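Trainee:
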Amino acid sequence: MKRLKEYTGLWALGGMLYYGIEVIFRGFSHWSMFVLGGICMMFCGQQGVWTKWEDPLWMQVVRCSIFVTAGEFITGIIVNKWLKLNVWDYSDQPFHLLGQICFAFIILFSGLCVIAIYLSAYFLHFICGEKKPHIHVL
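Numbering that gives the first Met the number 0 numbers the first residue of the sequence shown as 0 and each following residue consecutively.
1. Evaluate contact between the region 89-106 and the region 25-33, counting only Cβ atoms and requiring at least three cross-stretch pairs below 8 Å.
2. Take the Cβ of Ile-73 as the centre, count every other Cβ of all protein chains shown within 10 Å, and call the residue buried at 16 or more, exposed below.
3. In this structure, how does DSSP classify His-124 when only helix, strand and coil are distinguished?
4. For the alpha helix (DSSP H) containing Phe-134, name the first residue and the last one.
5. In the DSSP output, what is Ile-38 paired with across the bridge?
6. Please classify Ile-100 as buried or exposed, where buried requires at least 16 other C-beta atoms within 10 Å of its C-beta.
7. Could you check what DSSP says for Leu-56 in three-state terms: helix, strand or coil?
8. Can we say the region 30-47 touches the region 110-117, given the rule of at least three CB pairs closer than 8 Å?
9. Rounded to the nearest angstrom, how far is the Cβ of Trp-10 from that of Ala-120, given a contact under 8 Å?
10. I need the straight-line Cα distance from Met-30 to Leu-3, nearest angstrom please.
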């Protein structure tokens, strides 16, 4: 039951934050971004738990950025290509892949991953009673 509380809490936190960020900067969002944001936040927390928060921050950011980028691509293929909901299209951006991910947003997601790592670590510590994280840069 404790793990369910942790996962549900991280999922809701990540979903609300990502959805909110999109609404602030784009003026709108889509429910699929809430789901994806939640899953990504869960991963950011879980990868830290798996490694006992001992990996340097840069390594965690790389790991989480790869996960987030893959999630964005898979969600884009499903939501934009298969279901044809046209939630986003990066075709006009340089270095894009099928219009679903692009280099500029990978960099942006990396910055959001730093925030998500810290938020998930301290959420798990203060709300769920997990081990206190000792996040270090190098």
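The C-beta atom is built at its ideal place from N, Cα and C for all residues, glycine as well. Just so it is clear, the structure is predicted and the values come from calculations on it, not from any experiment.
Mentor: Let me lay it out:
1. no
2. Here residue 73 is taken as the residue at index 74 of the sequence shown, counted from 1. By the 10 Å Cβ count, Ile-73 comes out exposed.
3. As a position in the sequence shown, residue 124 is number 125, starting the count at 1. DSSP places His-124 in helix when its eight states are reduced to three.
4. In the sequence shown, the residue the question calls residue 134 occupies position 135. The sequence shown places Ile at residue 134, rather than the Phe named in the question. Premise fails: Ile-134 is in no alpha helix (DSSP H) and is neither H nor E.
5. Within the sequence shown, the letter at position 39 stands for residue 38. Answer is none; Ile-38 lacks a bridge partner.
6. Residue 100 sits at position 101 when you count from the first residue of the sequence shown. So Ile-100 ends up on the buried side.
7. Position 57 of the sequence shown, counted from the first residue, corresponds to residue 56. Secondary structure at Leu-56: helix, using DSSP grouped into helix, strand and coil.
8. yes
9. Position 11 of the sequence shown, counted from the start, is the residue given in the question as residue 10. Position 121 of the sequence shown, counted from the start, is the residue given in the question as residue 120. In fact, because the Cβ distance is near 16 Å, the residues do not count as touching under 8 Å.
10. Translated into positions along the sequence shown, residue 30 becomes position 31. Translated into positions along the sequence shown, residue 3 becomes position 4. The displayed chain sequence assigns Trp, not Met, to residue 30. Whole-angstrom Cα-Cα distance: 21 Å.
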